[in-house]
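Trainee:
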Amino acid sequence: MSRFSRELTVAGALGLLLLILAVFAPNFYHLQPFISRLTSQMPALVAAVGIALVIISRQIDISIGAQLSMCAIIASVAAGSGLPLGAVILTSMGAGVLMGALNGVLVAWVGLPSIVVTLATMVAWQETLRLWQQGRMLALPEGIQWFGLSQAAGQTAVISVSLTIVIAAAWAMKNLALGRFIYAVGSDAEAARLAGIDPRRTTFGVFVLMGVLAGLAAVLNLVQSPQVQPNCGDGLELKAIAAAVVGGVAINGGRGTLWGVLLGLLLLANVNPALTHFHLPPYWEKAIQGLVILLAVLADGLGRRKRPR
Amino acid sequence: MRALKGVSFELQPGEVHALLGENGAGKSTLIKVITGAHQADGGSLFVAGGEVVHLTPSKARELGIACIYQQPSLFPDLSVAENIGLRLQKTGAFSRVRWGRQRSRAIDLLQRIGAEISPDAEVRSLSMPEQQLVEIACALGSGARIVIMDEPTASLTQKEQHLLFKIIRDLRQGGVGVIYISHRLEEILALADRVTVLRDGESVGTNPVDELTESQLIKLMVGREVSSIYPPSEGEPGEVVLSLEGLGCSASGVGGVTMDVRAGEIVGVAGLIGAGRSELARILFGITPADTGGIVLNGERISITCPREAIARGIAYVPEDRRRHGVILEMPSAHNMTMASHPRLFPGNWLRFNAESLLAREFIRDLGIKASGPEAPGGSLSGGNQQKVSVARWLATRPKLLILDEPTQGVDVGAKSEIHRIIRRLAREGLAVLMISSDLGEVLGMSDRIAVMRGGRLVEWIGREQADAHSVMAAALGTNGKDAA
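So the protein sequences, as listed, match chains A and B. First residue of the first sequence? That's 1 in the working numbering, and the numbers climb one at a time after it. First residue of the second sequence? That's 310 in the working numbering, and the numbers climb one at a time after it.
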């Protein structure tokens, strides 16, 4: 496999889908609904950036949906108590840092498997929210929705913040030593340790970063509606992991780029609108997404077999 | 490379037949062929007079071939009786487990070999020799006619050894043929009827033990000339770079290692597998930090608790497992080469691609690495070139002491002599080199001095002039090499 073949394949598939829509369902490109659909995907994109880093370092975090819900509720309580917007954003990200750090400590220093740790914290946060909010929706005060801007400006802000995150993270993965440490630890933690890299610090850092991004994703989700549900993050983990895998992040670590993750998310996100525009029943969405994921994993498996061992 | 070449081997009922040879002489391969784990690509195999074609592990078991490995292969979470039952009963997935019969069978077998082990004990809770006894019980219970024992005494105490020898003699009495692999010559002389010596994948002869002495055995094992393809040693060594004072680590079974390594000197570390050579390197590099003794590096007394610290102190370690630890296969060669030198090359953690690519090109030229360029992934290179990338990674840290662990293992002949020239050149440029190797020719050809390890200790120093295959092998085996009597 050449270096960016997966990214190119996914880009090709996405391009094809968009082209077909352009020819057969030009309504798809009506500006306002197009922007709205794109905006609604941005929290998942930010979370997918985080999960991609986690997976590249050969870990997994399935608590991100619960983290996002928790951050969103904490942020809206903070907003309800009259904190200004900036402080609300920081509160949400701070909550994410703490939750990410807990996962990080348990995985990196205590040495527990990340799937078990994050399964436990996922359930913990979900149940905490259930006890605390009893399923109530929280109404948000004025000035939070769309950052207190007009809807168009707010949507632009959400999209540009998210794309900035993708670009910054992609740049850092390439240009900062940190990025290389993440790839090295994900390829082989012992090899990284022998080269003087501390795999524990790297792993911990990745989980904390995941928390920060979950907090940010919570804000980007929060500003899109006048109220928040305590289960607003449910299912996010699967969406984000699927985007990463389709985008070419190797599930056993060490390989993948954030550009691929961006493309993977856009491809999966456009399945549903495409169905709508072709007047197909929306029940097919999950099945088709599943098929796309399966094809991606299959491509990995076949590519791996060809590599010299 | 062929691991075995035209070896003839014969085992009679009621015979203990010892198999002897250096590391890599082909003993394990021969065993794997006999147990069906590997397929021979030439020659034939006869069991009890009948030719066996296409031997598989399960067929071997049916034929009564049982192997007891150094590391017992039991299920640690199951009880002794369950383990024996699983091994002996051929059951379908839905047939009932007869617990009572299984238990009484286990008790019977354990009694027959005189092992005081409860059939209900979880295997996890047993000591290594106890687990070996369970393996022997399995072999006995399966009615094995051929029992292979791979270094069975390596982890046994004196008393347990005596018990084992008694069991082996009982097996022999019962008409079982035993293939016995050991590095302990005195055991072979005491126990075996005949001995076959393997060297470089070939049999150098089968002889009755009565006709042999320890010295003759060693001669048979090593008996080859050291070729002159090795680059010559030159110049006088300089200052002492590293001294170890009674260094040890109880967790890795190494103790009391005292040595000096000078600038410009290559110290070869010889010994058998399990003698503690790699363990010593891992102590020096902070992977399993020392708990006794001291390390003096460049006149400064230091302690090393993690690889990062070792690197900062100027110690470099080219690990044995090249494909796992030496290079990261997914990564471009250039990234691999700078991997251990981030603090030096990239202050502030900003990668400098120009500097990186320059350094990579320099190493590619200097070490003669055959790669399409700095961007070529580690996995796309041949073994020898991967090893050179691994060496480059460690030279990039500008070390004072370079530890090489099996630097040419699995590398083709051409690359091997290139790597040897590189090592010699590095020494000439003032690096202190500690070279661990199981390749006796390499140790003799490259080393200015040879440190021989055995059982986690440094047992003998041999200078370049005195060193020959016989003296190194005798020290590694722990015999004086002279005829007893």
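Glycine included, each C-beta is placed from N, C-alpha and C at the ideal position.
When you compare only the Cα positions, how much space is there between Ala501 (chain B) and Leu112 (chain A)?
Mentor: Taking the straight line joining both Cα atoms gives about 49 Å.
Trainee: Give the interface partners of Ile620 (chain B) over in chain A, defined as CB-CB distance under 9 Å, in chain order.
Mentor: Chain A residues near Ile620 (chain B): Ala195 and Gly196.
Trainee: List the residues of chain A whose Cβ lies closer than 9 Å to the Cβ of Met648 (chain B), in chain order.
Mentor: Near Met648 (chain B) (Cβ distances below 9 Å), the residues of chain A are Arg180, Ala184, Ala191, Ala192, Ala195, Gly196 and Ile197.
Trainee: State the Cα-Cα distance for the pair Asn607 (chain B) and Ile637 (chain B), rounded to the nearest angstrom.
Mentor: Answer to the nearest angstrom: the Cα atoms are 31 Å apart.
Trainee: Mind checking which residues open and close the beta strand (DSSP E) that includes Ile575 (chain B)?
Mentor: Unbroken beta strand (DSSP E) run through Ile575 (chain B): Ile575 to Ala579.
Trainee: So, under 8 Å CB-CB, Ile490 (chain B) and Lys336 (chain B) are touching, yes? Tell me the CB distance rounded to an integer number of Å.
Mentor: Yes, Ile490 (chain B) and Lys336 (chain B) are in contact; Cβ-Cβ is about 6 Å, under 8 Å.
Trainee: Give the DSSP-derived three-state secondary structure of Ile673 (chain B) in the structure shown.
Mentor: In the structure shown, Ile673 (chain B) sits in a helix (DSSP, three-state: H, G or I).
Trainee: Taking 7 Å as the CB-CB cut-off, is Phe655 (chain B) touching chain A?
Mentor: Closer than 7 Å to some Cβ of chain A, the Cβ of Phe655 (chain B) qualifies, so yes.
Trainee: Comparing the C-beta of Arg255 (chain A) with each C-beta of chain B, is any distance below 7 Å?
Mentor: With 7 Å as the cut-off, Arg255 (chain A) counts as an interface residue toward chain B.
Trainee: Alpha carbon to alpha carbon, how far is Phe34 (chain A) from Gln687 (chain B)? Give it in angstroms, no decimals.
Mentor: Sequence inspection shows Gly at residue 687 (chain B); the Gln mentioned does not correspond to that position. Rounded to the nearest angstrom, the two C-alpha atoms are 44 Å apart.
Trainee: Tell whether a beta-carbon distance below 7 Å holds between Thr597 (chain B) and Cys558 (chain B).
Mentor: Result yes, Cβ atoms of Thr597 (chain B) and Cys558 (chain B) sit closer than 7 Å.
Trainee: Comparing alpha-carbon positions, which option in A:Ala191, A:Val161 and A:Val223 lies nearest Phe147 (chain A)?
Mentor: The candidate whose alpha carbon is nearest that of Phe147 (chain A) is A:Val223.
Trainee: Check whether the Cβ atoms of Gly373 (chain B) and Arg454 (chain B) sit closer than 7 Å, and answer yes or no.
Mentor: For Gly373 (chain B) and Arg454 (chain B), yes; Cβs fall inside 7 Å.
Trainee: Is the number of C-beta pairs between the stretch 50-59 of chain A and the stretch 172-188 of chain A that are closer than 8 Å three or more?
Mentor: The answer is yes - the stretch 172-188 of chain A touches the stretch 50-59 of chain A, with three or more Cβ pairs under 8 Å.
Trainee: Rounded to the nearest angstrom, what separates Gln151 (chain A) and Ser650 (chain B) at their Cα positions?
Mentor: In a straight line, the C-alpha of Gln151 (chain A) is about 50 Å away from that of Ser650 (chain B).
Trainee: Check the Cβ-Cβ distances between Asn322 (chain A) and every residue of chain B, and say whether any is below 7 Å.
Mentor: Here chain A covers residues 1 to 309 and nothing more, so residue 322 (chain A) does not appear.
Trainee: Rounded to the nearest angstrom, what separates Val531 (chain B) and His779 (chain B) at their Cα positions?
Mentor: Roughly 6 Å separates the two Cα atoms.
Trainee: I want to see whether chain A comes within less than 7 Å of Ala776 (chain B), judged by CB atoms only; does it?
Mentor: No - not a single Cβ of chain A is within 7 Å of the one on Ala776 (chain B).
Trainee: Taking the alpha helix (DSSP H) that Cys71 (chain A) falls in, what are its first and last residues?
Mentor: Here the alpha helix (DSSP H) through Cys71 (chain A) covers Ile64 to Gly80.
Trainee: Can the beta-carbon of Glu684 (chain B) be found closer than 7 Å to that of Pro641 (chain B)?
Mentor: Yes, Cβ-Cβ distance for Glu684 (chain B) and Pro641 (chain B) is below 7 Å.
Trainee: Could you check which residue in A:Gly196, A:Val208 and A:Ala217 has the C-alpha nearest to that of Gly595 (chain B)?
Mentor: Here the closest residue by C-alpha is A:Gly196.
Trainee: Give me the Cα-Cα distance between Ala794 (chain B) and Ala415 (chain B), rounded to the nearest whole angstrom.
Mentor: With a pLDDT of only 33 at Ala794 (chain B), under the threshold of 50, the placement of this residue in the model should not be trusted, and no figure is reported.
Trainee: Residue range of the alpha helix (DSSP H) that Trp770 (chain B) falls in?
Mentor: Element bounds for Trp770 (chain B): not the alpha helix (DSSP H) but the beta strand (DSSP E), Arg766 to Gly772.
Trainee: For Ser69 (chain A), which of A:Gly143, A:Met93, A:Ser57 and A:Ser81 has the nearest alpha-carbon?
Mentor: Ranking the options by Cα distance to Ser69 (chain A), first place goes to A:Met93.
Trainee: Among B:Gly573, B:Ser542 and B:Ala590, which residue has its Cα nearest to the Cα of Val563 (chain B)?
Mentor: Of the listed residues, the one whose Cα sits closest to Val563 (chain B) is B:Ala590.
Trainee: Which residues of chain A have a Cβ atom closer than 7 Å to the Cβ of Glu639 (chain B), listed in chain order?
Mentor: In chain order: Ser187, Gly254 and Arg255.
Trainee: What does the Cβ neighbour count give for Phe662 (chain B), buried or exposed, with the cut at 16 atoms within 10 Å?
Mentor: Label assigned to Phe662 (chain B): exposed.
Trainee: Secondary structure at Leu265 (chain A), three-state DSSP: helix, strand or coil?
Mentor: Reduced to three states, the DSSP call for Leu265 (chain A) is helix.
Trainee: If you drop the 5 nearest sequence neighbours on each side, which residues of the same chain put their C-beta closer than 7 Å to that of Arg702 (chain B)?
Mentor: Asn645, Met646, Met648 and Ala649.
Trainee: DSSP has Arg571 (chain B) in a bridge; who is on the other side?
Mentor: Note: Arg571 (chain B) sits in a beta bridge opposite B:Val549.
Trainee: Under 6 Å Cβ to Cβ from Met137 (chain A), same chain only, skipping five residues before and after it: list those, please.
Mentor: Taken in chain order, the residues that qualify are Gln227 and Gln229.
Trainee: Mark Trp125 (chain A) as exposed unless 16 or more other C-beta atoms lie within 10 angstroms of its C-beta, in which case mark it buried.
Mentor: Buried, since its Cβ has 16 or more Cβ neighbours within 10 Å.
Trainee: List, in order along the chain, the chain B residues whose C-beta lies closer than 8 Å to that of Ala177 (chain A)?
Mentor: Per Cβ cutoff of 8 Å: His651, Phe655, Asn658, Trp659 and Leu660.
Trainee: What separation, rounded to the nearest whole angstrom, lies between the Cα atoms of Pro282 (chain A) and Tyr29 (chain A)?
Mentor: Near 19 Å, if we compare the C-alpha coordinates of Tyr29 (chain A) and Pro282 (chain A).
Trainee: Where does Leu328 (chain B) fall in DSSP's three states?
Mentor: Note: Leu328 (chain B) maps to strand in three-state DSSP.
Trainee: Report the partner residues of Ile310 (chain A) according to the DSSP bridge assignment.
Mentor: Outside the modelled stretch of chain A, which goes from 1 to 309, sits residue 310 (chain A), for which no answer is possible.
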